[in-house]
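K.L.:
Numbering-wise, the numbering used here puts 1175 at position 1157 of the sequence shown, and it's gapless, one number per residue. Yeah, the Cβ is synthetic: ideal placement off N, Cα and C, and Gly gets one too. Sharing a structure, written as structure tokens. Questions coming.
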Amino acid sequence: MSILEEEENISKKLKVVHEDNVTKNAINTQTTKSERCAICKQYVEEAPLYNGHPNNASEEYIALTDERLMLFTGDEMDLDEKDERPTHKITYFSVYDKNGHLCPFDGGLIEANKLLYFSGYVKPIYDEDSTTNNGIPTKDMGPINEWYISGFDGGEKALVGFSTAYAEYYLMEAAPEYEPIMKVVRVKIILSKLIIEYLLDEGWKQPTYEDLLQRLLASGDPDLSEDALLQHAQFICERVSSFDTTAGEEDELLITAPCMRSLVKMAGVTFRARKKVRKIETKGLKKKQTVWSKATTTNLVREVFEAFFVDQIDQKDKGPRRKRCGVCEACQTSDCGTCAHCRNMLKFGGTGRSKQACLMRRCPNMAIQAADDDSGDDDRTLAALLSVESKTPLSKRIICEVRWIGSAAVEYNNRFYYNSAQVGDIVVEPDDCVMLNSEEPNQPLLIARVGYMWQEGDETLFHAHLFCRGSDTVLGETSDPRELFVVDVCENCPLGSIVRKAKVEKRKLANNWAICGGLDKLPPRLEDDGRTFFYSKRYDSDYSRFVDYSEEKPDGSLPYTPCDGCRRRTQKKKLNSITYANGEVHWGGDAYRVGSGVFLEPDTFIFKSDVTDIDDSFAQKENSVDEVMYPEYYRKPAENGRGTNAETPDPFCIGLIEDISELKNAVQIRVRKFYRPENTQEGHFLSYRKDLNLVYWSHEERTINFNLVTGKCYLAYGPALDVPVAEWSAAGPYRFYFTESYDAKTQKIGDVPAQATRIGSLGKGKGKGKGKSSQAEQKPKDIPPQWETTRKLKSMDVFAGCGGLSEGLHQVKIAETKWAIEKEPAAARAFKLNNPDAIVYTEDCNELLRIVMSENEDEVDGKRLPKKGDVELLVGGPPCQGFSGMNRFNAGQYSLFKNSLIVSYLSFCDYYRPAYFILENVRNFVSFKRSMVLKLTLRCLLAIGYQVTFGVVQAGHYGIPQTRRRLIIMAAAPGFVLPRFPEPQHVFSKKGCQLSVPVDNFKYHTGVKWTAAAPYRTITVRDSMADLPDIKNGSNVKEMPYDTEANSHFQRMMRAGDPNGLVSDHICKEMAPIVEARMAQIPIFSGADWRDLPNIQLKLSDGTYTNKLKYPYRSKKQKKNDPPRGVCACASTGPCDPTDRQINTIIPWCLPHTADRHNNWSGLYGRLDWDGFFSTTVTNPEPMGKQGRVLHPEQHRVVSVRECARSQGFPDRYQFYGNILDKHRQVGNAVPPPLGASIGREIQKALAATMNIED
């Protein structure tokens, strides 16, 4: 069988094949119409029956008169009100309804006013014996008015109680027949206690749903599973929300933690007022203090944040006003009248200024909505946003009389230039700074520098080079109101439009700036008189860059030369203009000539593909799906699911210029067409085995306009090179080689003609080649550039994790990591394993900085501490926990931010003053607190003296099979060239390439030129991991041999430098038996997920059996002839009914319950697509987690640690440390090394440019 046929067979594993397997393993069951009990709502044929009352049992009111229960003699003069109502214990109890069904008392029946009774043996409150000895047999006690939990008494066992019309009862041991039901109650109580304690301890870290599952696994209790969590989600969330009523004014509500919000959505939790209020006590649950230490800050960093007043933050844009849900218990509770907020209300005699709701009435639904709004990935439409700061028009209305002082200094082109003018009552001269009116009303005055002044006819004009106020940059309200930035905006204005003069000084840094770290303070404040300003940086809004301002020397050949802004704009225009001269085309800083390789727009050439389209197979199958076997399949519309490359653009076409001709308004080139392997008859499936730099020569040529060229590349005939092609293509950018030709008509690979063998011959060392013609000797050849090489910078990695960013920097030889700080022991060990020469500190970074700043100690635990001047490159990704829960700062939140690890990291930068600085963080960093976190970070770096740029990058653009958008802030010390952002190298899905940064109604870009396509094709899941051995669920073999050769270019890169032939950490999590069964039932084809699960009963690996999911309701949206599709009363009648919840089903009940509200939960229990990509690699792959598409494309398991590491671009030689969850966390938290390498290349270029300037 050919590989192509094999691909088609794999692709066509449709449900008809899968159904055979399902039928083989399923338990035969007959479908009958089920009747439900009118009281307990259980299915009659499944409801457990009550076995009868205890022997000699009496009625409740009779049993309570037994003297064995008497605590008082009747002669007491005074009783506490708590003792006025009898309180006893009951053991060997059962709860049932009038139909004789054993009923769970915690399922909402009591709250729905259903009559439940119980029987057992009543004992006095002081009796600790849980047996029936000396117990009073009692029957038909109740009905139960309410049930409650009265705390844990500091232990693990909760006290559960019933309340009847006669007495209170604490539960002891359940009767054997009722024990299975009581066990479920105990599990949910333990779960709620564990989760509340977890949120109290770790809530400041903003734990995700996957983190919560990890905590349950760490408990070691098999009953505390994900299914149990989802089954009891309503109860757990109510307990958490109830606990939140004790929260303080500045405390974040526990229910707003990311893990709880995910649980609320997934399980369909509703917060509604109960008809019966349960008694809830929080005894034994105490809030612990957050574990992070107070931030150690330098004087300058502290002053930056102290200078920004909290009051200003509070009053600025508070966001949309949200409405209460009106149905939860908090909303229907009256104001308590005792909390701080109530005491401030007018009706309680307060001032009414705070306008805050009662602390007891904080609506959980509203709190969750607010938290979701803040943490949601900001993919809003940016079409309405401006690309850059709009140029505020100057008012050219003349308001002053103008008189020249002295005679004209120069006459040039009918213009008379003067050196002085009287404008109103002020004298204006060149280089003076003046203030001008804006054309728009209610705008502050504009500030400009006078370039030169002249008389032209009757007009008296001057050339204004404008400054930009800090508030008009991305800094917004965080900027110093007196700070200006130089921008490339100039305009000719009437001298009579000048309002007044301004005093603008250039602020320079001290010559010993680099060694003054930690000592400097903010410069003294200038008088804020509206006319005194300073500047030190130039601001380029097109590329989001603040750079050192250095005034260029004017051209002395003209009397009044263009200003700096004019010159830079002219240079940019010239750079982007296509010019033809002497047989060469100049564009974008490159020269193109005959023989040059070029990148062309992807649609320049048309390629035929013979790859079989398998989508028709799915379309035909859709009409024949068994809706009884696959009841959720209807939720799968014709969609391009996440993780597919259906919308990924093609890479650039590659051509060779054969001729250049100049027309009247354009330049045309005749180019030879080159084929990539995927453009040939091999198609995408077979071509993935070929090198990414391999192309095929062809006889085809086409004449095109030069504006289809997107960049320059370098082509060479492989056999003519004097080094291996892999070595040659890796030695510099955009090098492609060919060894054969391709004929599209015959679809055959052939030999290269003789004239083509000379292509690229000068690119091999000293230019040795075969038989060059005299014409070739006369024409200059393009010599492929080498990668920039510089000395290695001594680097410190803070919050280093396992070292992904450092690994990328090491690969391009720009950095040598001397020091690393990582508090997590397992991650620190992993960093040390891969960087044995680095000093790794596991201490708190704040404590380390405090010791360093004291300058009293040279080492910590025998490890030398770096001194000022030692650190040349500082890299890190500080966590944002502690302040990222709200979308705006209040006083308490701002205090947390000032003590955050971001501020600590900035203090490291201020103290060491490295030449280069990198901050990496999640994409949402740009939107935290309405972009205030981003603004303050940039403001602080500028205040220190750094040049700064920021932007969002897509890691998939740099050669990994994963979508991972990250914010990168880069800074360069004064005198060093600030790096640019790396150009995309690989095309990637359009959905993941929305990389604009929206801030205050403007959008900012990184300034890269390739936004729609890139030089190389995308890297797929098949590229990354198809060569790894097959393993099973729970496999834990630390090392194993590869069982196949590396097939793809990516696989060969990952295996490079690993000589032992063993793959390590190819281990995967062992999932619970029911999860394992679900994974085994997910079909093997692209896009398969939970909606493809069959509704069957199966025997699990632990010997238990699953249940078949029942659909008792018709959905409001379904068609008349469709079978019932509702699993809860909310599908048709309104509110949820707790008794509808089903457990232990192959199709998880919670997913169809809430699917209509959450995009059908697309991707949960999803398989990766061989030809697609990973969703963002998370720290704990869970089939029902945030990134649910974590199943292997073919094997019935979640992805392994090594497969996740491959998705991040970690080479196979890279080691991780700890248990499997530690390793997953290390991989998921890391910066992809290929992204680090691309950033490192740009730092290399910037450092080389700096060295050239110095020379």
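(1) Could you check which residue in M1089, Y561, E569 and D677 has the C-alpha nearest to that of K1050?
(2) Please report the residue range of the beta strand (DSSP E) in which Y735 lies.
(3) I need the straight-line Cα distance from P1275 to V858, nearest angstrom please.
(4) What does a CB cutoff of less than 7 Å around C121 pick up in its chain, not counting 5 residues either side in sequence?
(5) When DSSP builds the beta bridges, which residues end up paired with S759?
(6) Specify, as a first and last residue, the run of the beta strand (DSSP E) that E1200 falls within.
(7) Contact defined as beta carbons within less than 8 Å: I believe G368 pairs with H483. What is the distance between those atoms, to the nearest angstrom?
(8) With 16 as the cutoff for other CB atoms within 10 Å, does V445 come out buried or exposed?
(9) Between the Cα of T274 and the Cα atoms of T316, L235 and Y227, which residue gives the shortest distance?
(10) Who are W472's beta bridge partners in DSSP?
(11) Starting from T550, trace the beta strand (DSSP E) both ways and give me its first and last residue.
(12) When we look at the beta-carbon of T1172 and count the other beta-carbons within 10 Å, is it buried (16 or more) or exposed?
(13) Measuring only the C-alpha atoms, how far is C1168 from G118?
(14) Below 6 Å CB to CB, which residues in the same chain sit around I987 once its five sequence neighbours on both sides are set aside?
(15) Using DSSP with H/G/I as helix, E/B as strand and the rest coil, what is F323?
(16) Taking the C-alpha atoms as reference points, what is the distance between E477 and R500?
(17) Quick one: what does DSSP say Q1233 is sitting in, helix, strand or coil?
(18) Taking contact to mean 3 or more Cβ pairs, one atom from each stretch, closer than 8 Å, check whether the stretch 866-874 and the stretch 514-531 are in contact.
(19) With 16 as the cutoff for other CB atoms within 10 Å, does K555 come out buried or exposed?
(20) Could you tell me the boundaries of the beta strand (DSSP E) in which V971 lies?
(21) Along the chain, where does the alpha helix (DSSP H) containing H359 start, and where does it finish?
(22) Looking at M190 and S148, is the spacing between their C-beta atoms short of 8 Å?
(23) Using the beta-carbon count (16 or more within 10 Å), is S1066 buried or exposed?
(24) Which class does Y61 belong to by DSSP, given the choice of helix, strand or coil?
(25) Keeping to the same chain, check which residues put their C-beta closer than 7 Å to that of F123; ignore five residues upstream and five downstream.
(26) Tell me whether R1215 sits in a helix, a strand or coil according to DSSP, three-state version.
(27) Could you check which residue in N69, F692, E215 and V1245 has the C-alpha nearest to that of T1197?
(28) Going by alpha carbons, who is nearest to D449 out of F485, E457, H1242 and D677?
(29) The beta strand (DSSP E) spanning I672 covers which residue range?
(30) Could you please give me the residues that DSSP links to A989 through a beta bridge?
(31) Please report the straight-line C-alpha distance between A749 and P742, rounded to a whole angstrom.
(32) Roughly how many angstroms separate the alpha carbons of S20 and Q699, rounded to a whole number?
(33) Just tell me which of R279, D1110 and Q765 has its CA closest to the CA of A385.
(34) Beta-carbon separation of V258 and I214 under 8 Å?
(35) Tell me, please, whether the stretch 950-961 touches the stretch 1230-1244 by the rule of three or more beta-carbon pairs shorter than 8 Å.
(36) Cutting at 7 Å between CB atoms, please list the residues of its own chain near C376, excluding the five before and the five after it.
P.N.:
For this structure:
(1) Nearest C-alpha to K1050: M1089.
(2) Element bounds for Y735: V727 to Y735.
(3) A question about residue 1275 goes unanswered here, because the residues of the chain that appear run from 19 up to 1273.
(4) Once the five neighbours on either side are set aside, the close Cβ partners of C121 are C58, V113, Y114, D115, L127 and L134.
(5) W715 and G768.
(6) Careful: E1200 lies outside any beta strand (DSSP E) and carries neither H nor E.
(7) That belief does not hold up - the Cβ atoms of G368 and H483 are roughly 56 Å apart, past 8 Å.
(8) Flag for V445 reads exposed.
(9) Closest in alpha carbon position to T274, among T316, L235 and Y227, is Y227.
(10) W472 pairs with Y435 and L479.
(11) That run of the beta strand (DSSP E) goes T550 to D558.
(12) T1172 is buried by the Cβ-count criterion.
(13) So the two alpha carbons sit approximately 29 Å from each other.
(14) The answer, listed in chain order, is L937 and F968.
(15) Correct three-state label for F323: helix.
(16) When only Cα atoms are considered, E477 and R500 end up about 33 Å apart.
(17) Coil at Q1233, not helix or strand.
(18) The stretch 866-874, when compared against the stretch 514-531, does not touch it at the 8 Å Cβ threshold.
(19) K555 should be labelled buried.
(20) Unbroken beta strand (DSSP E) run through V971: Q965 to Q972.
(21) Annotation: the continuous alpha helix (DSSP H) that includes H359 extends over A358 to R361.
(22) Yes. Within cutoff.
(23) By the neighbour-count rule (16 or more Cβ atoms within 10 Å), S1066 is buried.
(24) Strand at Y61.
(25) Hits under 7 Å: V113, L134, I162 and W165.
(26) Coil.
(27) Checked all of N69, F692, E215 and V1245; the closest Cα to T1197 is V1245.
(28) A check of alpha carbon separations from D449 across F485, E457, H1242 and D677 identifies F485 as the nearest.
(29) I672: member of the beta strand (DSSP E) spanning C671 to E680, first to last residue.
(30) For A989, which the question treats as bridged, DSSP gives the partners F935 and V966.
(31) One C-alpha to the other measures close to 11 Å.
(32) In this predicted model, S20 has a pLDDT of only 45, less than 50, meaning its place in the structure is not dependable; the value taken from the coordinates is given anyway. Answer to the nearest angstrom: the Cα atoms are 14 Å apart.
(33) Comparing Cα positions, the closest option is R279.
(34) I214 is positioned such that its CB atom lies closer than 8 Å to that of V258.
(35) Not touching, per the Cβ criterion.
(36) Excluding residues within five positions, the ones whose Cβ falls inside 7 Å are D353, C354, C357, H359 and C360.
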